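Worksheet for the structure shown next.
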C-alpha cells in the first residue's frame with residue numbers, strides 16, 4: 005500500500021484477506037476457540053496464564069510484590085501462553101478469558117474457582133484479596149490510585165495498538181496514523197510527567213497498583229525498550245517519568261516479576277514458567293540450556 009494512498013471503504017466490510025503486519029496470523033474478526041486445549045493446573049492457589057508483555061508484567065509484578073510483603077497466600081503458578089502461536093485461542097484459555105488476551109487468572113483459593121480477566125481487574129482483585137495491599141484504603145489516595153489505574157487501562161491501547169502498531173508493526177509506514185498516535189503518546193507522557201513532578205508515585209507518596217500497571221508500558225517506552233522509538237519520541241525530555249521508572253526498576257519484586265513468562269531477550273532474563281520462588285535461581289532459560297544433555 006502506498007503511503008497515504010486514498011482508500012474508499014466498501015459499503016459492507018468483509019474479512020477477505022489478512023490485515024498485514026507482524027500479528028496478521030492471529031488477527032480475526034470473531035471470538036471463540038480455534039482448537040481444543042485444556043489449561044494446566046499447578047499446586048498453588050492462583051493459576052496465571054500469561055506472557056511477559058507489558059500487560060502480563062503488571063500481574064507478575066503484583067504477585068511478586070505481594071509475596072515480598074509477606075502474603076504467603078499469594079503463591080502462584082505462572083504458565084506461558086505463546087500468543088504468537090495462538091495459545092490464547094485454545095478452549096481452556098477462552099473459558100478463562102473469552103476475549104482471548106493475556107493475562108488471565110484462575111483464583112482457586114476459595115471453595116469455588118473464580119476467573120478474572122483484564123489486567124486491571126486482576127490487580128484490583130488481588131489487592132482486595134490481600135487486605136487492600138497496594139491499594140490505598142483512605143481517600144483521596146484511593147480515588148487517585150483507581151483513577152490512574154483506569155487512565156492507564158484506557159491510554160495504553162493508544163500506545164500499543166495505535167502508535168506501536170503503525171510505527172513498528174504495520175506492513176508500510178503511513179504518515180497520518182504515525183503522526184496521530186505519536187501526538188497522543190507524547191501527550192500521555194506529558195500527563196504522566198506533570199503528575200510525577202508533583203508526587204513520588206501516581207497515587208501520591210505510596211507505591212500502588214497504579215504504578216505497577218503503568219510502569220511496564222511507559223517505563224519501557226522512556227528507556228527505549230519498546231518499538232525502538234525513544235529518539236523519535238524524545239523520551240529524554242520526560243525527566244519525572246524517567247526518575248519514577250528508574251526508582252521502580254530497582255525494586256527486587258519488580259526485577260523478578262518482569263522475568264516471569266518471559267520468552268524473549270537474554271536467556272538469563274527468561275523464566276518461562278514460575279512455580280516456586282527457587283525457579284528464579286534454577287530454571288531461567290540459560291540454566292535450563294546448560295543443564296540439557298548434549299545429543
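Residue numbers (my numbering): 5 to 299. Note that CB positions come from ideal geometry on N, CA and C, so glycine has one too. The model shown is predicted, which means the values in this text are computed figures rather than measured ones.
- Would you kindly work out how many angstroms separate the C-alpha atoms of residue 16 and residue 26, rounded to a whole number? Counting from 1 along the chain shown, the entry for residue 16 is found at position 12. Counting from 1 along the chain shown, the entry for residue 26 is found at position 22. Taking the straight line joining both Cα atoms gives about 26 Å.
- Task: Within the same chain, show all residues whose beta-carbon is closer than 6 Å to that of residue 65, passing over the 5 residues directly before and after it, in chain order.
- Result: Translated into positions along the chain shown, residue 65 becomes position 61. These residues qualify, in order along the chain: 216, 258, 261.
- Straight-line gap, residue 59 to residue 265 (C-alpha atoms, nearest Å): For the purposes of this step, residue 59 is taken as the residue at position 55 of the chain shown. For the purposes of this step, residue 265 is taken as the residue at position 261 of the chain shown. So the alpha carbons of these two residues sit roughly 12 Å apart.
- Buried or exposed by the 16-neighbour rule on C-beta atoms within 10 Å, applied to residue 189: For this step, residue 189 is matched to residue 185 along the chain shown. Label assigned to residue 189: buried.
- Item | Status (buried if at least 16 other CB within 10 Å, exposed otherwise) for residue 6 | Here residue 6 refers to the residue found at position 2 when the chain shown is read from its first residue. Residue placement at residue 6 cannot be trusted, given a pLDDT of 45 that sits under 50; what the coordinates show is reported in the next sentence. Exposed, by the Cβ-count rule.
- First and last residue of the beta strand (DSSP E) that includes residue 4? Residue 4 is absent from the structure shown; the chain starts at 5 and stops at 299.
- Message: Taking the straight line between their C-alpha atoms, what separation do you get for residue 77 and residue 133?
- Response: As a position in the chain shown, residue 77 is number 73, starting the count at 1. As a position in the chain shown, residue 133 is number 129, starting the count at 1. Cα to Cα, residue 77 sits roughly 10 Å from residue 133.
- Query: Expressed to the nearest angstrom, what Euclidean distance is found between the alpha-carbon atoms of residue 29 and residue 141?
  - Reply: Start at 1 with the first residue of the chain shown, and residue 29 comes out as number 25. Start at 1 with the first residue of the chain shown, and residue 141 comes out as number 137. Approximately 44 Å, taken between the alpha carbons.
- Query: For residue 94, does the three-state DSSP call read helix, strand or coil?
  - Reply: In the chain shown, the residue the question calls residue 94 occupies position 90. Strand, per DSSP.
- Answer yes or no: do residue 279 and residue 84 have a C-beta to C-beta separation smaller than 9 Å? Position 275 of the chain shown, counting from 1, holds the residue named residue 279. Position 80 of the chain shown, counting from 1, holds the residue named residue 84. No; because the gap between Cβ atoms is not below 9 Å, this pair is not in contact.
- Leaving aside the five residues before and after residue 220 along the sequence, list all residues of the same chain whose C-beta is less than 7 Å from its C-beta, in chain order. As a working mapping, residue 220 is identified with position 216 in the chain shown. Cβ within range, chain order: 58, 61, 62.
- Rounded to whole angstroms, what's the CA-CA distance from residue 271 to residue 38? Just pull it up for me. Start at 1 with the first residue of the chain shown, and residue 271 comes out as number 267. Start at 1 with the first residue of the chain shown, and residue 38 comes out as number 34. About 31 Å.
- For residue 269, which of 230, 179, 226, 92 has the nearest alpha-carbon? Here residue 269 refers to the residue found at position 265 of the chain shown. The shortest C-alpha separation from residue 269 is found at 230.
- Message: Please classify residue 81 as buried or exposed, where buried requires at least 16 other C-beta atoms within 10 Å of its C-beta.
- Response: Position 77 of the chain shown holds residue 81. So residue 81 counts as buried.
- Query: Taking the alpha-carbon positions, what's the residue 285 to residue 292 distance?
  - Reply: In the chain shown, residue 285 corresponds to position 281, counting from 1. In the chain shown, residue 292 corresponds to position 288, counting from 1. Near 11 Å, if we compare the C-alpha coordinates of residue 292 and residue 285.
- Please state whether DSSP places residue 170 in a helix, a strand or coil. Numbered from 1 along the chain shown, position 166 holds the residue referred to as residue 170. It is helical.
- Query: What is the rounded straight-line gap between the Cα of residue 226 and the Cα of residue 52?
  - Reply: Counting from one through the chain shown, the residue named residue 226 turns up at place 222. Counting from one through the chain shown, the residue named residue 52 turns up at place 48. In a straight line, the C-alpha of residue 226 is about 28 Å away from that of residue 52.
- Run of the beta strand (DSSP E) containing residue 118, from where it starts to where it stops: As a first step, residue 118 must be located in the chain shown, where it is residue number 114. It spans 118-121 - the beta strand (DSSP E) in which residue 118 sits, taken as one unbroken run.
- Which residues bound the beta strand (DSSP E) around residue 54? As a working note, residue 54 is residue 50 in the chain shown. Taken as a continuous stretch (DSSP letters only), the beta strand (DSSP E) holding residue 54 covers 50-54.
- Query: So is residue 207 buried or exposed if we call it buried at 16+ other beta carbons inside 10 Å?
  - Reply: By one-based count along the chain shown, residue 207 stands at place 203. By the 10 Å Cβ count, residue 207 comes out buried.
- Message: For residue 111, count the other beta carbons within 10 Å of its own beta carbon; 16 or more makes it buried, fewer makes it exposed. Which is it?
- Response: Locating residue 111 in the chain shown gives position 107, where the first residue counts as 1. With 16 or more Cβ atoms within 10 Å of its Cβ, residue 111 is classed as buried.
- Message: Would residue 211 and residue 255 qualify as a contact pair, given that the criterion is a beta-carbon distance under 9 Å?
- Response: By one-based count along the chain shown, residue 211 stands at place 207. By one-based count along the chain shown, residue 255 stands at place 251. Result yes, Cβ atoms of residue 211 and residue 255 sit closer than 9 Å.
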